[in-house]
Each structure stands twice: as C-alpha cells, then as structure tokens.
C-alpha cells in the first residue's frame, strides 16, 4: 500500500472516513479509518458492502452532489452482510490541520509497532522479511555479511554487526526474535541471549528436531536446562503440520506463529 504522505500529496482532495463506534460483531474496530479520493483509496474500514456504501457517500461529498457527514450502518442481510453488528462512520473533508493530525497519528502508530528481529538474511530470512513487510510490525534484519542485506523489502531496517547476539538486549519487551543465521554455533549464542530474557513474546530458530535436541544438550551444559529455557524456544519455526520446506512456505507459517505470539503477549500484558 502507498504510504500516507505519498497518498496525501497525490490526492489532496480526499475524505477521511473513520469508525466512531461499533456494536456487536463488526469487521473493524472503532478508530479504524480510510481515505477516499475521487480516484483512489488508502486504508480500509473492513471491506464488503458497507465499505462500498461509505466510499460512495464520500465521493458524493467530494463531487458536491450529496453525501452525509455521518452514517449508522447495520451489518445485516439488508446490505448483503451477516456480521450482525452496527458501525457508525464519520466523514470529514481533509484540511491541513486534519492532514497534520493524521500524520502525527500514523507516526505514533509506527512508534508503537511490535519489534521483530530477524537474525540472518539467507533464503528463509529474506522470505520472512517479505512475508512480514505488509504487516503492522517493525522489522529489523541483522547480519554479519553486508552483501546479504541487499534486496530486502522497503521499510525493513537493517543492522550490520559482527556479534548479532549482543543486539538481543536491545529488543524491546514484547518483541520477537527469529534466528536464521548460516552458522549453528551463532544460532545457539543468539538463542541463549534471547532465552535469558523472559519478556520476549517469541523466540524462534530455524532447524529440525535433531537441531533442537543438540541445542537442548548444549543449553544444559551452559546452565540453562534446569531453567526451562528450551520450552520457550520455537524450534523448528513454521510448525510441522505442513511438510513443505520451501522458504516462502516456512516464512508464511512462521509469520502466523509470530503474530499469534505477539497477540498473546499483548493480552497477557493488558490483563
């Protein structure tokens, strides 16, 4: 999706549509928003027929042929949806003050994104960076080899360091680390640093059942076995139900694991 400043520059005459309230089951939550110009869209309030109705209303406002500043839409069979709830929408034509407010809001959302560190930019590391790129996450790829940091998705942060394990302490609480380096000894060092912490939502390592057993033995010798560290390590990443070792498939399965772990951490932290 086009970034917000680019959209605003290309479509200065737009309507901001935001959800001001919901009741029951709805596709999006209060606070979700989208922008509608005469020819383009940015964001979504949930899709389906009710979003189509909102877009039509916004474009009527832009064309000066009608439209309303608020809508209260029941998400039932009368509009071809079966969510069963209701959504209240507000429509505002963009002003400079509203643009500034939107950009500040987006900056705040970006600052609060969960941090995911990918240690290693080999085949699976690059595939995972691509899988995570469109998601509401801040992704950093860590490598010891400069050439491997080329051709990553736009918006991906990179760190070229001689000792990736030293960066683990920098990951904010609630973040995730995925270990995918070219060196098993380095994998183990990074994992040990990650498992020393109890405030990460997800620690995963590429590998196999054999690698897990080897790491478990090494960890016991290093003093981490009796502390239950191995139980907090996802190894192998991507689960074992889909027996497909193509990098893109492993990446898709791992992305789902990460999102699930991040969500569970947020729920535990807020309860």
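In our numbering, the protein residues as written are 46 to 316.
Built from N, CA and C at the ideal position, the CB exists for glycine as well.
By DSSP, does residue i sit in helix, in strand, or in coil?
| i | result |
| --- | --- |
| residue 153 | helix |
| residue 208 | coil |
| residue 251 | coil |
| residue 53 | helix |
| residue 216 | coil |
| residue 48 | coil |
| residue 63 | strand |
Considering residue i, what are the terminal residues of the alpha helix (DSSP H) in which it resides?
| i | result |
| --- | --- |
| residue 119 | Not the alpha helix (DSSP H): residue 119 falls in the beta strand (DSSP E), residues 115–119. |
| residue 267 | 254–267 |
| residue 294 | 292–315 |
| residue 244 | Premise fails: residue 244 is in no alpha helix (DSSP H) and is neither H nor E. |
Residue j and residue i - do their beta-carbons sit closer together than 8 Å?
| i | j | result |
| --- | --- | --- |
| residue 163 | residue 223 | yes |
| residue 62 | residue 99 | yes |
| residue 295 | residue 184 | no |
| residue 91 | residue 102 | no |
| residue 236 | residue 278 | yes |
| residue 148 | residue 304 | no |
| residue 225 | residue 165 | yes |
| residue 133 | residue 51 | no |
| residue 60 | residue 136 | yes |
| residue 159 | residue 264 | no |
| residue 328 | residue 220 | Since the first residue shown for the chain is 46 and the last is 316, residue 328 is missing from the structure and cannot be characterised. |
| residue 119 | residue 131 | yes |
| residue 209 | residue 186 | no |
| residue 247 | residue 302 | yes |
| residue 282 | residue 299 | yes |
| residue 297 | residue 211 | no |
| residue 218 | residue 198 | no |
| residue 72 | residue 104 | no |
| residue 167 | residue 227 | yes |
Could you please give the first and the last residue of the uninterrupted beta strand (DSSP E) stretch that includes residue i?
| i | result |
| --- | --- |
| residue 222 | 221–224 |
- Message: Between the region 227–238 and the region 197–204, can you find at least three pairs of beta-carbon atoms closer than 8 Å?
- Response: Fewer than three Cβ pairs drawn from the region 197–204 and the region 227–238 lie within less than 8 Å of each other, which leaves the two stretches out of contact.
- When the Cβ atoms of the region 242–262 are set against those of the region 185–194, are three or more pairs found closer than 8 Å? no
- Item | Every unbroken beta strand (DSSP E) inside the region 65–99 [3 residues or more] | 78–81, 86–88
- Query: Taking only runs of the alpha helix (DSSP H) that begin and end inside the region 128–206, which ones reach a length of at least 4 residues, in chain order?
  - Reply: 141–156, 168–177
- Taking three-plus beta-carbon pairs below 8 Å as touching, is the region 74–89 in contact with the region 49–57? yes
- Do the region 303–315 and the region 252–267 touch if we need at least three Cβ pairs shorter than 8 Å? no
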